[in-house]
Each structure stands twice: as structure tokens, then as C-alpha cells.
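Quick note, in the working numbering, the sequence shown goes up one by one and the last residue is 601.
We put the CB at the ideal spot given by N, CA and C, even for glycine.
Heads up: the structure comes next, in C-alpha cells.
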Amino acid sequence: MRLSIFGSGYVGLVTGACLADVGNDVLCIDIDGARIARLQAGEVPIHEPGLEAIISRNARAGRLRFSSSASDGVAHGQAIMIAVGTPPEEDGSADLSHVLAVARSVGEHLQGYRVIIDKSTVPVGTADRVQRAIRDELLKRGVDIEFEVVSNPEFLKEGAAIADFMKPDRVVVGTDSARALDLMRQLYEPFTRNRERLVVMDVRSAELTKYAANAMLATKISFMNELAGIAERVGADIEKVRLGIGSDSRIGFSFIYPGAGYGGSCFPKDVRALRHAAERAGARTSLLSAVEAVNSAQKIILFERIKDFFGEGLAGSNIALWGLAFKPNTDDMREASSRVLMDALWQAGAHVRAYDPVSMNEARALYPREIASGKLVLVENAMKALQGASALTVITEWQEFRSPDFDAIKNALAIPVIFDGRNVYDPALMRRLGIRYFGIGRGESVRSDFSAELG
Ligand SMILES: NC(=O)c1ccc[n+]([C@@H]2O[C@H](COP(=O)([O-])OP(=O)(O)OC[C@H]3O[C@@H](n4cnc5c(N)ncnc54)[C@H](O)[C@@H]3O)[C@@H](O)[C@H]2O)c1
147 MRLSIFGSGY
157 VGLVTGACLA
167 DVGNDVLCID
177 IDGARIARLQ
187 AGEVPIHEPG
197 LEAIISRNAR
207 AGRLRFSSSA
217 SDGVAHGQAI
227 MIAVGTPPEE
237 DGSADLSHVL
247 AVARSVGEHL
257 QGYRVIIDKS
267 TVPVGTADRV
277 QRAIRDELLK
287 RGVDIEFEVV
297 SNPEFLKEGA
307 AIADFMKPDR
317 VVVGTDSARA
327 LDLMRQLYEP
337 FTRNRERLVV
347 MDVRSAELTK
357 YAANAMLATK
367 ISFMNELAGI
377 AERVGADIEK
387 VRLGIGSDSR
397 IGFSFIYPGA
407 GYGGSCFPKD
417 VRALRHAAER
427 AGARTSLLSA
437 VEAVNSAQKI
447 ILFERIKDFF
457 GEGLAGSNIA
467 LWGLAFKPNT
477 DDMREASSRV
487 LMDALWQAGA
497 HVRAYDPVSM
507 NEARALYPRE
517 IASGKLVLVE
527 NAMKALQGAS
537 ALTVITEWQE
547 FRSPDFDAIK
557 NALAIPVIFD
567 GRNVYDPALM
577 RRLGIRYFGI
587 GRGESVRSDF
597 SAELG
């Protein structure tokens with residue numbers, strides 16, 4: 147099939163690469179000319195494990211090409227996918243300007259029947275708006291060309307996006323057109339060979355399904371974080387509780403890790419956008435509001451612990467930070483907990499020495515002023531972050547942080563103390579090693595008298 151994909155970000159590139167890999171002829175479009183130039187030169191602008199190899203083998207085979215021409219995109223694909231960003235507006239609603247801009251381009255250049263597939267995460271009713279935007283442009287041109295708009299939300303996870311796309315749990319397709327459904331079945335057939343994975347429904351239900359999935363996962367995380375706060379105050383260990391409830395098949399182990407809050411490009415904005423849309427529709431949103439409130443509080447919890455521990459001594463001190471990405475195996479720092487922590491530390495007069503295996507370029511682009519002023523020092527390995535630091539903070543659970551040289555950590559830090567935002571380390575081991583340890587929900591909260599020990 148000839149396919150065009152508008153938006154060459156995390157979703158668009160993975161989708162394009164995977165669809166080319168099964169034999170389709172794919173053209174990826176982006177308005178960011180520099181991004182397209184890098185892709186055309188064989189560079190992959192994002193970090194996603196396995197993506198580079200798939201892109202390069204399909205580009206070599208001529209099945210995957212990149213362009214910044216919208217008209218070429220509309221002309222090329224029998225199906226046109228919209229995979230552009232839907233960032234949050236000030237009020238929390240989803241910004242649909244990029245999606246609607248693609249729709250208008252489609253209307254401007256459409257010459258024959260096309261299926262327009264909406265992969266971006268969009269509020270219920272967006273497919274109707276896309277349809278209207280295309281139709282308006284056709285009207286302006288004085289032409290009547292048949293097209294259909296299908297909702298096909300994407301559920302891939304950054305860090306495991308290739309496997310998620312190649313072996314999806316399900317493929318949600320929202321359409322009431324048999325012709326469009328035929329095309330969707332053909333498109334996904336290579337990924338659904340061992341069993342039927344298409345879940346077909348009306349467009350509005352498909353649009354809501356994506357928000358429902360992310361809101362459910364965010365709810366699980368906030369639930370565990372609220373429970374972590376209870377565990378701390380009653381002297382229980384949330385990690386034991388996690389094992390105790392996760393083994394219940396009705397609950398399961400996924401997304402019940404307590405920690406320093408969820409971030410990323412999806413959960414925060416999608417929960418907010420769903421709440422906003424629900425409120426506009428007059429529906430109750432007490433649970434969604436609570437999920438957000440718990441998460442906002444959780445993102446600052448590590449800072450509060452550090453502040454309690456150091457008291458006035460925090461100003462002027464260096465804090466080592468392991469991890470910048472919102473989760474391991476990605477360079478994405480959108481709404482990452484590391485950013486909330488760093489902002490709070492800077493506000494309190496502390497400096498940050500940070501290391502992340504893949505997000506350093508991202509951090510350089512986001513914090514040029516903080517780097518220039520010395521508030522943020524980016525170092526090339528984990529141990530270097532500890533030089534001259536008063537404490538170690540872990541905020542992204544990268545594999546390489548799991549079993550560090552604790553003696554070296556102890557020797558490098560002014561006070562051997564670890565603030566563990568992802569419960570990576572064992573509190574009993576830390577006690578044996580003589581390292582002060584603060585995790586999330588593990589029975590020991592900072593008491594103000596600790597700061598007295600600092601003299
Ligand atoms: N990142 C994820 O893990 C994930 C997972 C599932 C769904 N989603 C959803 O998919 C959508 C895309 O997310 P992303 O993370 O890939 O975004 P992204 O920001 O990484 O990429 C979006 C790309 O679209 C481009 N773009 C903007 N307007 C354009 C236009 N008019 N024509 C062509 N290109 C244009 C931008 O330049 C950018 O490169 C969002 O709605 C998101 O919520 C994301």
C-alpha cells in the first residue's frame with residue numbers, strides 16, 4: 147500500500163518505519179524542515195530502541211522516504227495518517243491546530259478518494275472537525291471528492307514502541323464505513339496474523355478509548371502513590387504491598403509502581419484534556435481531578451524530602467541527579483519529574499549535577515540558560531555527577547543505575563544520602579552500607595532533626 151504519514155515524531159516515525167518494514171511504500175511528512183533534512187541524511191532525531199535499524203533498512207530499500215511537502219504527502223498515500231502533536235492548551239484542552247492544519251492541507255491538495263486516519267490523540271468529535279475542515283477546503287476549490295475519516299488511536303509506549311506496534315494488544319478502529327474498514331484490515335493484517343486484534347467501533351467511542359486507556363493507567367499510578375503516602379505514615383513498605391496486590395490476577399503488576407509521579411508526553415496532557423472535555427460536556431470528573439492532584443503533589447515529594455533533610459543548608463549545595471528522561475529507554479523529557487525537581491532545587495538556591503544515558507541533548511536544548519549560569523552541570527557518566535555533591539537523587543530508573551558501586555557513592559558524597567524517586571534500591575542494604583536512604587512509601591520519612599546531624 148502507498149501510505150503517507152503527517153508528523154515524524156515518536157508516533158509518526160515508528161508507525162512509518164514499521165509499516166514500511168512489512169512492505170508498504172511510505173512517505174513521512176513533517177513541517178519541521180530541519181527534522182526532514184536529518185532524516186533524509188540518515189539521522190534519526192529521536193531515541194527509540196531499534197528504530198534506527200528499521201528506518202535505515204527501509205530507506206535503503208526505497209520503501210521509506212521523507213518530505214516536507216504536504217502536496218506530495220496527499221498525492222502519495224492511498225491512506226493518509228495524521229500523527230502530529232496535540233499538546234495541551236493553557237486551559238488543559240488539547241490543541242488541535244496541527245491536526246486541523248493537516249486536514250486543511252488534505253483538502254487543498256486532494257485529487258481522488260483517500261482514507262484519512264487519525265492517529266493523534268484527540269478529543270471526541272475531532273474526526274467530525276477534520277471532516278469539516280477538509281470539506282471546507284474542497285468547497286473553496288469548487289470540487290467534490292470522496293474521502294473518509296477514520297479514528298485509529300495509537301497505544302504504543304515510548305521505549306518499547308517498535309514491539310508495541312509490531313505486536314499490538316489490539317488495534318482500535320473507529321469507522322462506520324465498510325470501505326474504509328476494508329483498507330484498515332488490509333493495513334494491519336501483517337500485525338494481526340496470529341489472531342484478530344482489530345476492535346472495530348464507532349468513531350466517537352474510538353476517540354474516547356484512547357483517553358480512557360491513559361486515564362486508567364494514570365489512575366493506577368496515582369492510586370499507588372496515594373497508598374505510598376499512607377504506608378509511610380503507618381510504618382509499612384509500599385513495595386511489599388505492591389507485591390501483595392500485584393499477584394492478584396484481578397489487579398496485576400503493571401502500572402502499580404509508586405514513585406515520583408508520572409510525566410511524559412501523554413499521561414499528564416491526556417488526563418487534563420479528558421477532564422476538560424468531560425467538564426465541557428457536563429460530566430463528573432472527581433476521580434480524574436484527584437488523579438492529577440495526587441500526581442502534582444508526588445512530583446514535588448522528593449524535593450520536599452531533600453529540603454527537610456538539608457534545611458537551610460540546601461542553598462548553595464550541589465545535588466547529583468541520575469536520570470532526566472520521564473522514563474527509561476527514551477530521551478523524551480516532556481513533563482518529566484526531573485524538571486519539576488530541578489526547578490524546585492534551583493528555586494531553593496541549589497545546583498544540579500545531572501547525568502542521563504540518552505537525554506543530555508534534550509536537556510541542553512531545554513536549559514541553555516541554566517547551563518550557562520552553572521545551575522545545571524551535565525556530566526558524561528553517573529559517577530561524575532557525584533563529584534562535589536551533597537546527595538544523590540534518582541529520578542529515572544535506567545538499568546545502569548540499578549546496581550551501582552555503593553562504596554564509591556559513599557565516598558564521593560559529602561553526606562552519604564540517597565533520595566530514590568523510583569524505589570530502585572533496597573532500604574535494608576542501604577542501612578547495612580551506612581547510607582541514609584529515602585524512597586517513596588517505605589516506612590521512613592525525613593524528620594526535621596536529621597538536619598541537625600549536618601551540624
Ligand atoms: N509519544 C507517545 O508515546 C504517544 C503514544 C500514543 C499516542 N501519542 C499521540 O500521538 C500524537 C503525536 O505524538 P508524538 O509524541 O509523536 O509527537 P511529536 O511531538 O514527537 O511529533 C509531532 C510531529 O508533528 C510535526 N507536525 C506538526 N504539525 C505538522 C503539520 N501540519 N504537518 C506535518 N507535520 C507536523 C511536528 O513538527 C513534530 O515533528 C499526539 O497526539 C500524541 O498524544 C503519542
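Count the other C-beta atoms from every protein chain shown that fall within 10 angstroms of the C-beta of residue i, then say buried if there are 16 or more, exposed otherwise.
i	result
N441	buried
D328	exposed
L149	buried
I137	The shown model of the chain, from 147 to 601, leaves out residue 137, and the question about it has no answer.
R588	buried
E438	buried
F212	buried
N298	buried
D167	buried
M362	exposed
F413	buried
V289	exposed
R578	exposed
S217	exposed
Q444	buried
A481	Going by the sequence as given, residue 481 is Glu instead of Ala. Answer is buried; the Cβ neighbour count reaches 16.
L256	buried
V380	exposed
A324	exposed
Quick check on DSSP: helix, strand or coil for residue i?
i	result
L600	Bear in mind that a pLDDT of 44 at L600, under 50, signals an unreliable position, so the model cannot answer this.
M147	coil
S594	Reliability fails at S594, whose pLDDT of 38 lies under 50, so the model's placement of it is uncertain and the value that follows must be treated cautiously. Coil at S594, not helix or strand.
P514	helix
F152	strand
D171	strand
N557	helix
I200	helix
F472	coil
T267	coil
R206	helix
A466	strand
Y583	strand
I262	strand
S411	coil
R301	Note on residue identity: the sequence assigns Phe, not Arg, to residue 301. Residue state, collapsed to three classes: coil.
E294	strand
Any heavy atom of ligand 1 closer than 7 Å to the CB of residue i?
i	result
S154	yes
E198	no
F301	yes
I412	Per the sequence shown, the amino acid found at residue 412 is Cys instead of Ile. The answer is yes for C412.
T338	no
I452	no
I177	yes
T542	no
E96	Examination of residue 96 is not possible in this model, given that the chain is present from 147 through 601 alone.
T232	yes
A511	no
A352	no
A424	no
A229	yes
Among the options, whose alpha-carbon lies nearest the alpha-carbon of residue i?
i	options	result
A382	S154, A518, V190, I586	I586
S505	P314, G410, R275, I200	G410
I280	V220, V486, E304	V220
F472	I465, L487, N464, E458	L487
L532	V563, R548, A216	V563
R316	V295, T338, A273	T338
M312	D394, T161, P474	T161
D97	V319, E508, V230	Residue 97 lies beyond the stretch modelled for the chain, which goes from 147 to 601, so this question has no answer here.
State the start and end residues of the unbroken beta strand (DSSP E) segment that holds residue i.
i	result
R211	210–213
M227	225–228
V250	The displayed chain sequence assigns Arg, not Val, to residue 250. First-last for R250: 243–255, but that is the alpha helix (DSSP H), not the beta strand (DSSP E).
M362	Careful: M362 lies outside any beta strand (DSSP E), inside the alpha helix (DSSP H) at 349–380.
D566	563–566
Y501	497–501
A537	537–540
What residue range does the alpha helix (DSSP H) around residue i cover?
i	result
G179	179–186
V276	272–287
V440	432–445
L327	324–334
V220	216–222
Any heavy atom of ligand 2 closer than 7 Å to the beta-carbon of residue i?
i	result
G158	As far as ligands go, the structure on display features ligand 1 and does not contain ligand 2.
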